[in-house]
Structures are given as C-alpha cells and as structure tokens.
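Q: Have a look at this one.
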Amino acid sequence: CDGAGDTPLCTIQCTHKRDFVSLWSVSTPGETIQLVLQQGSTYDFTVDWGDGSEPDLIDHYDAPAARHVYGQAGEYTVTISGVAQYMAMGCSAVMNGGEPPSSATLKAVPNLGDLDWRRFEGTFQECSQLTNVAGGHTDLVTDMSYMFYQAAQATPQTTDWNTSQVTSMAWMFGSTLNATPDTGAWQ
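Mind the numbering: the sequence shown is residues 92 to 278 in this note's numbering, read in order.
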C-alpha cells in the first residue's frame with residue numbers, strides 16, 4: 092500500500108484487500124457470468140454480482156449459484172470474498188467443460204486478491220477483452236499454465252507475484268499480444 096487511501100488493492104488503513112474484484116460489461120439483458128469451479132478444490136465464498144441482488148454463498152464446485160444472469164445492460168463490479176482455491180472466468184468453452192461460456196465480457200481485474208489460490212490454469216483463457224490484472228497473493232499457486240492464453244489484450248501486473256511453488260507455466264502468455272510481464276523477481 093502507498094498511503095493513497097482506499098484503492099482496489101488497499102484499505103484506507105493501508106492493509107491489503109483479500110477480495111477478488113473483477114469488472115464486467117453486460118451489453119444486453121440476459122447475459123451471464125459463469126464461474127468455472129473444479130471438483131477437488133475447496134470453496135467457501137460469497138459473490139456480490141454488483142447488480143443489487145443478494146450475494147450468493149458458494150461452498151462446492153457444482154453450486155448453481157456460480158452462474159448469474161443479468162437483467163440489465165451495464166458495467167458491473169463483481170466481488171468475491173472467502174476461499175476459492177481455483178476458478179476460471181468462463182470465457183472459454185474449453186475451460187467450461189462443454190457448458191456455454193460467459194456471455195458478459197470480462198474487462199479488468201483490479202485485484203486478484205487472496206482467496207487461498209492454488210491453481211490459475213486457464214483462469215483467463217480466451218478472455219479477449221480483459222486488460223489489466225493487478226494484485227494477488229500467489230505464494231500457494233502450483234499451476235499457471237494457460238492462465239492468459241489467447242487473452243490478447245491482457246496486461247497483467249506480475250511484479251509482486253510469488254511463483255516459488257509453481258511447477259507449470261506452459262503457454263501462460265500464449266497468444267497474449269500486449270502482455271509484458273515483469274518476471275525479474277520470480278523464483
């Protein structure tokens with residue numbers, strides 16, 4: 092924290108925020124966000140979909156509440172708090188296990204947060220309009236393969252990421268045209 096007050100990464104007291112924060116664009120009513128969760132990972136989180144609806148509690152990988160339908164077009168800030176060891180943003184039918192991808196558009200992730208992350212395999216794969224990805228607590232992450240694959244506009248801020256436990260980064264930035272990750276401090 093830099094003392095600049097309340098930001099997506101830090102509280103006004105200069106402590107790091109743990110929430111995962113993402114910005115989505117919904118162009119027509121009925122568009123969806125599908126959070127892709129996988130069996131074998133631990134889940135116990137609430138998601139505030141940013142549209143005034145009641146937050147949903149998600150405590151298992153196949154929870155129906157991991158899919159949200161928006162009633163109005165607009166820009167939405169989705170905030171996730173708690174534990175989610177793995178999650179993909181649903182931009183890719185491949186990562187969705189054959190389910191339709193999210194129809195809403197992921198635009199940015201102002202805070203990757205600390206949800207006890209263990210894997211980022213394909214998390215932002217094919218999120219074609221994703222730009223900035225900032226923050227994040229990555230010291231327990233073991234797999235970052237395909238994390239930004241075909242997310243052509245992504246510009247992740249990776250300087251402070253701890254990658255000491257990561258065993259695979261295969262195609263992490265494959266077909267990501269704008270990424271210039273700072274990996275100088277990575278182990």
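Quick reminder that beta carbons are idealized off the backbone N, C-alpha and C, glycines included.
Closest by CA to A242, which one among L148, M260, E166, Q216?
A: Taking the sequence shown and counting its residues from 1, the one referred to as residue 242 is at position 151. Here the closest residue by C-alpha is Q216.
Q: Roughly how many angstroms lie between the CA atoms of T246 and N269, to the nearest whole one?
A: The count along the sequence shown starts at 1 and reaches residue 246 at position 155. The count along the sequence shown starts at 1 and reaches residue 269 at position 178. C-alpha separation (whole angstroms): 6 Å.
Q: State the DSSP-derived secondary structure class of A175, mapped to helix, strand or coil.
A: Locating residue 175 in the sequence shown gives position 84, where the first residue counts as 1. It is a strand residue.
Q: What residue range does the beta strand (DSSP E) around N202 cover?
A: For this step, residue 202 is matched to residue 111 along the sequence shown. Unbroken beta strand (DSSP E) run through N202: 196-202.
Q: Is the CB-CB distance between T170 and L114 below 8 Å?
A: On the sequence shown, residue 170 is found 79 positions in, with the first residue counted as 1. On the sequence shown, residue 114 is found 23 positions in, with the first residue counted as 1. Against a cut-off of 8 Å, the Cβ pair of L114 and T170 comes out as no contact.
Q: Following the continuous beta strand (DSSP E) through V126, name the residue where it begins and the one where it ends.
A: Residue 126 sits at position 35 when you count from the first residue of the sequence shown. For the sequence presented, residue 126 should be read as Leu rather than Val. From DSSP, L126 is part of no beta strand (DSSP E); its letter is neither H nor E.
Q: What are the start and end residues of the beta strand (DSSP E) that includes F136?
A: Locating residue 136 in the sequence shown gives position 45, where the first residue counts as 1. It spans 134-139 - the beta strand (DSSP E) in which F136 sits, taken as one unbroken run.
Q: How would you call G131, buried or exposed, if buried means at least 16 neighbouring beta carbons within 10 angstroms?
A: On the sequence shown, residue 131 is found 40 positions in, with the first residue counted as 1. Exposed, since its Cβ has fewer than 16 Cβ neighbours within 10 Å.
Q: Quick check: the Cα distance between D110 and D135, rounded to an integer number of angstroms?
A: What you label residue 110 is simply residue 19 of the sequence shown in a count that begins at 1. What you label residue 135 is simply residue 44 of the sequence shown in a count that begins at 1. Straight-line Cα distance between these residues: approximately 13 Å.
Q: Based on the DSSP secondary-structure assignment, which residues constitute the bridge partners of S259?
A: By 1-based counting over the sequence shown, the position of residue 259 is 168. DSSP output for S259 lists D234 as bridge partner(s).
Q: Between which two residues does the beta strand (DSSP E) holding R158 run?
A: If you number the sequence shown from 1, residue 158 lands on position 67. First-last of the beta strand (DSSP E) with R158: 158-160.
Q: Does any C-beta atom of chain D lie closer than 8 Å to the C-beta of P155?
A: Of the protein chains in this structure there is only one, and it is not chain D.
Q: Looking at C-beta atoms only, is the number of pairs between the region 257-266 and the region 228-241 that lie closer than 8 Å three or more?
A: They touch, by the three-pair rule.
Q: Are there three or more Cβ pairs, one per stretch, closer than 8 Å when the region 149-156 is compared with the region 198-213?
A: In short, these stretches do not touch, since the Cβ pair count stays below three.
Q: Is P155 helix, strand or coil by DSSP?
A: On the sequence shown, position 64 is the one that residue 155 refers to. Note: P155 maps to helix in three-state DSSP.
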